[in-house]
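Take a look at the structure below.
In my numbering, the protein residues as written are -17 to 33.
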């Protein structure tokens, strides 16, 4: 069977994961968004291209 790599839902199968917004922030939620919002558009485009 193929093993899937969860990116957006990487913590969803963890029984102790708090599915609230507070729990999401506790495990690092929104860090990437905050970082992206501080970048210039050109920088963000380059990061996306490199990924």
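Note that beta-carbon positions come from the ideal geometry of N, C-alpha and C, so glycine has one too.
A quick note: this is a predicted structure, and the numbers were derived from the prediction, not measured.
Contacting residues, own chain, Cβ-Cβ under 7 Å from residue i (five flanking each side not counted)
i          : result
residue -1 : -7, 5
Inter-residue Cα distance where the pair is residue i and residue j
i           : j           : result
residue 11  : residue -9  : 11 Å
residue 15  : residue 27  : 14 Å
residue -14 : residue 13  : 23 Å
residue -11 : residue 1   : 15 Å
residue 8   : residue 32  : 28 Å
residue 22  : residue 30  : 13 Å
residue 20  : residue -5  : 31 Å
residue 35  : residue -16 : Because the chain spans -17 through 33 in this model, residue 35 falls outside it and cannot be assessed.
Cβ-based neighbour list, residue i, same chain, cut-off 8 Å, excluding 5 preceding and 5 following
i          : result
residue -3 : none
field: Length at least 4, wholly inside the stretch -6 to 29: the alpha helix (DSSP H) runs in chain order
entry: For the stretch -6 to 29, whole alpha helix (DSSP H) runs of length 4 or above, ordered along the chain, are 3 to 8, 13 to 20.
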